[in-house]
Each structure stands twice: as C-alpha cells, then as structure tokens.
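All you need for this note's numbering is the position in the sequence shown, starting with 1, plus 681. A virtual CB, placed ideally from N, CA and C, is assigned to each residue, including glycine. As the structure is a prediction and not an experimental result, all values here were calculated from the model. What follows is a short report on a single structure.
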Amino acid sequence: MNIASDIDLKKASNRLSELDLKITSGNLLIEVLWFRAMQCDSDSVIARHTHSTYEFHFAYSGSSEVQLDDREFTVKAGEFYMTGPGVFHRQVTNKGHTEFSINCQLSMLEEKQSEAAYILNFLKSAPCRPYQDTTGIMDLFQWALKEAYEQNIGFYSNISPITAMIVTSGDRRHPLAAI
Numbered sequence: 682m683n684i685a686s687d688i689d690l691k692k693a694s695n696r697l698s699e700l701d702l703k704i705t706s707g708n709l710l711i712e713v714l715w716f717r718a719m720q721c722d723s724d725s726v727i728a729r730h731t732h733s734t735y736e737f738h739f740a741y742s743g744s745s746e747v748q749l750d751d752r753e754f755t756v757k758a759g760e761f762y763m764t765g766p767g768v769f770h771r772q773v774t775n776k777g778h779t780e781f782s783i784n785c786q787l788s789m790l791e792e793k794q795s796e797a798a799y800i801l802n803f804l805k806s807a808p809c810r811p812y813q814d815t816t817g818i819m820d821l822f823q824w825a826l827k828e829a830y831e832q833n834i835g836f837y838s839n840i841s842p843i844t845a846m847i848v849t850s851g852d853r854r855h856p857l858a859a860i
C-alpha cells in the first residue's frame with residue numbers, strides 16, 4: 682500500500698488523532714493518547730522530553746536521529762523504535778522524513794499471568810534502539826490512516842484491532858517466551 686498516492690496524509694492524520702481509542706485486547710488495555718503521521722518538509726528538532734507512556738515511532742521514508750542520554754542512533758525507512766516510560770529522548774528529523782507514531786498507556790485488566798503480562802514485561806525491558814519492521818507494522822498504520830481518512834461505515838471498528846496489532850507487533854521481534 683502506498684499511502685501518499687491514495688489520501689491526503691495530513692487530513693488522515695488529523696482524523697486519526699481525533700479518535701478516542703480505548704482498546705481491550707485479551708487482558709491488555711490500550712489507551713491511545715495520540716496516533717498520527719508526520720511529514721517533514723524541512724529539518725526539525727523535537728526537544729529532549731520523556732513520557733509516562735509508551736511511544737512508538739515508525740520511519741516510513743527518510744531518516745531521523747534519536748538522541749538518548751547515553752547514546753544516539755539513526756532510524757531509517759522501514760525501521761521503528763519505541764521509548765518506554767521515563768526514557769528521555771530528543772529527535773532530529775531530516776527533510777523528507779515521514780513518520781507514523783502512536784503514544785499509548787498500556788495496562789493489564791487483571792493482575793494475572795497472561796499474554797498481556799508478557800507484552801508489558803517485554804516492553805519494559807526492551808532497549809530503545811532501531812528495529813526492522815519485519816511484521817508489516819507500516820502497512821497496518823497505513824490501513825488505519827486510510828480508514829480514518831475515508832470514514833466509511835465501520836471505520837472505528839476496523840481501526841481498533843489495527844491499533845492493537847500495531848502495538849503488539851513490535852513484540853514479535855523476539856520469540857514468545859513461556860506465558
């Protein structure tokens with residue numbers, strides 16, 4: 682899917698960001714704070730900051746430099762990174778960079794051993810570094826943008842499971858441990 686040729690990306694991003702998304706996936710509650718696409722027409726800097734939530738960044742095109750307190754790395758097209766709660770980061774985006782991002786609060790509905798517990802434990806311990814998108818996350822994000830842009834009947838019902846798949850697909854970069 683090539684999002685640029687199908688829809689107005691800015692309008693799609695605005696519509697996606699306006700949605701109030703609270704998704705239950707098994708024992709996992711995903712509360713989306715923001716969900717958007719960003720196109721950089723010039724170099725820009727997102728100042729050093731942190732969140733109390735999880736923030737996922739997917740580089741659709743171009744590249745950006747991510748600076749942490751103890752290291753820095755480059756994220757290129759087809760890669761993503763995640764910052765967990767309390768991770769200070771700064772991002773320098775290059776002209777021509779297009780990024781999809783989602784910021785969400787993740788919690789378990791019940792304190793019990795479950796897939797949700799595995800996902801949260803994995804995300805808490807995952808290093809902030811670039812990962813290759815080997816599970817089709819970019820395609821899922823584009824699908825959500827297209828749904829939000831077109832707003833056909835059922836678009837919200839379609840975006841909810843897509844959102845859960847985006848958040849949990851990043852965990853597939855490692856084999857599932859015993860639950």
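Which same chain residues, not among the five before or five after S723, have their C-beta less than 7 Å away from its C-beta? K776
Drop a sphere of 10 angstroms on the beta-carbon of V756, count the other beta-carbons inside from all chains shown, and report buried for 16 or more, exposed for fewer. buried
So what does DSSP say about S723, is it helix, strand or coil? coil
6 Å Cβ shell around Q786 - same chain, five flanking residues per side excluded: Apart from sequence neighbours up to five positions away, the residues of its chain that approach Q786 with a beta-carbon distance below 6 Å are E712, T734, ordered along the chain.
What's the gap between the Cα of K805 and the Cα of K793? 17 Å
Identify, in the order they occur along the chain, each residue of the same chain with its Cβ nearer than 8 Å to the Cβ of Q832, setting aside the five sequence neighbours on each side. Counting only Cβ-Cβ distances below 8 Å, and skipping sequence neighbours, we find R696.
Buried/exposed call for K827, threshold 16 Cβ in 10 Å: buried
Count the other C-beta atoms from every protein chain shown that fall within 10 angstroms of the C-beta of R772, then say buried if there are 16 or more, exposed otherwise. The sequence as given places Gln at residue 772; Arg does not occur at that position. The residue in question, Q772, is buried, as its Cβ has 16 or more Cβ neighbours within 10 Å.
With 16 other CB atoms within 10 Å as the buried threshold, where does Q823 fall? buried
C-alpha distance - R717 paired with S742, whole-angstrom precision: 15 Å
Given V747, which residues of its chain have a CB within under 7 Å of its CB, disregarding the five upstream and five downstream residues? E753, F754, V756, Y762, H770, Q772
Span of the beta strand (DSSP E), counted from its first residue to its last, around I800: No beta strand (DSSP E) contains I800, which is instead part of the alpha helix (DSSP H) from 796-806.
Can you tell me whether E736 is helix, strand or coil according to DSSP? DSSP, read as helix, strand or coil, puts E736 in strand.
Could you tell me the boundaries of the beta strand (DSSP E) in which R696 lies? R696 -> not in any beta strand (DSSP E); alpha helix (DSSP H) instead, spanning 690-698.
What does the Cβ neighbour count give for E791, buried or exposed, with the cut at 16 atoms within 10 Å? exposed
In the DSSP assignment, find the unbroken beta strand (DSSP E) run with L787 in it and report its ends. Counting along the chain, the unbroken beta strand (DSSP E) around L787 starts and ends at 779-789.
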